[in-house]
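*Asks:* Residue numbers (my numbering): 1 to 129. Let me begin by handing over the structure; questions about it come next.
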Amino acid sequence: MEQLPRRPVLLAQLKKLLPKPDGNDGYDDVLSYVLDKTIMDVANYCHVDPVALSEHLDSTIVAMCMQYVGTHQLLMPLDEQSGDVDSISEGDTSVKFKSPSQAYLELQEANVISDNFLATLNSYRVVKQ
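Below you can see the structure in the form of structure tokens.
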């Protein structure tokens with residue numbers, strides 16, 4: 001699969017905006033995954049080849065990556081994360097957390113395209129033939 005030619009520039013922007021936290025060995029892998037997923041999701045939504053994405057969408061792609069990393073706490077150390085709560089009961093106070101496999105599955109299924117970005121992406125969306 002051919003990559004977006006501007007991918008290294010976008011990755012560099014992400015690294016500037018999301019500095020590497022101490023002790024996070026998977027930092028580069030996380031940002032690469034998030035960027036690739038976002039590029040593919042935007043290309044699929046707009047019905048264009050990822051290589052053909054307009055450079056006018058670059059700042060939107062970076063913003064979407066930052067939102068995804070922030071909302072899923074991907075760069076936060078495990079001991080500082082709020083945890084993936086599955087359910088909370090009030091009666092006898094019980095809290096049930098998601099299993100790691102369930103959390104990973106939700107990350108893979110997550111859609112990085114939120115309502116905040118639809119207006120921008122709709123401007124570049126092509127009618128599917």
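Note that beta-carbon positions come from the ideal geometry of N, C-alpha and C, so glycine has one too. Because the structure is a prediction, the values reported are computed rather than measured.
Check whether the segment 19–34 and the segment 50–61 are in contact - that is, three or more C-beta pairs closer than 8 Å.
*Replies:* No: the two stretches stay apart, fewer than three of their Cβ pairs being nearer than 8 Å.
*Asks:* Does the distance from the C-beta atom of C46 to that of L121 stay below 9 Å?
*Replies:* Translated into the one-based positions of the sequence shown, residue 46 becomes position 46. Translated into the one-based positions of the sequence shown, residue 121 becomes position 121. Yes, these two residues count as a Cβ contact at 9 Å.
*Asks:* Using a 10 Å radius around the Cβ and a threshold of 16 neighbouring Cβ atoms, would you call L4 buried or exposed?
*Replies:* Your numbering for residue 4 matches position 4 in the sequence shown. Burial call: buried.
*Asks:* If distances are taken between C-alpha atoms only, which option among D49, V42, V126 and A63 comes closest to K15?
*Replies:* Indexing the sequence shown from 1 puts residue 15 at position 15. Among D49, V42, V126 and A63, the Cα nearest to that of K15 belongs to A63.
*Asks:* Specify the secondary structure class of K37 as computed by DSSP and reduced to three states.
*Replies:* Within the sequence shown, residue 37 is the residue found at index 37, counting from 1. It is helical.
*Asks:* Using C-beta distances below 8 Å, list every residue in its chain close to T60, excluding the 5 sequence neighbours before and after it, in chain order.
*Replies:* To locate residue 60, count along the sequence shown from 1; it is residue 60. V42, F117, T120 and L121, listed in sequence order.
*Asks:* Indicate the three-state DSSP secondary structure (helix, strand or coil) for K128 in the structure shown.
*Replies:* Along the sequence shown, one-based indexing puts residue 128 at 128. Looking at K128 - three-state DSSP - the assignment turns out to be coil, as it is neither helix nor strand.
*Asks:* Just to confirm before moving on: does the CB-CB distance between P21 and M76 stay below 9 Å?
*Replies:* Taking the sequence shown and counting its residues from 1, the one referred to as residue 21 is at position 21. Taking the sequence shown and counting its residues from 1, the one referred to as residue 76 is at position 76. A contact, by the Cβ cut-off of 9 Å.
*Asks:* Would you decide whether V126 is buried or exposed? Buried here means 16 or more other CB atoms lie within 10 Å of its CB.
*Replies:* Mapped onto the sequence shown, residue 126 falls at position 126. Per the 10 Å Cβ criterion, exposed.
*Asks:* Would you call the CB atoms of E2 and V48 closer than 9 Å?
*Replies:* The residue labelled residue 2 in the question sits at position 2 within the sequence shown. The residue labelled residue 48 in the question sits at position 48 within the sequence shown. In this structure, E2 sits away from V48, with a CB-CB distance that is not shorter than 9 Å.
*Asks:* Taking the alpha-carbon positions, what's the L11 to K128 distance?
*Replies:* As a first step, residue 11 is located in the sequence shown; it is residue number 11 there, counting from the start. As a first step, residue 128 is located in the sequence shown; it is residue number 128 there, counting from the start. In a straight line, the C-alpha of L11 is about 29 Å away from that of K128.
*Asks:* Give the DSSP-derived three-state secondary structure of H56 in the structure shown.
*Replies:* Looking up residue 56 in the sequence shown gives position 56. H56 falls in the helix class under three-state DSSP.
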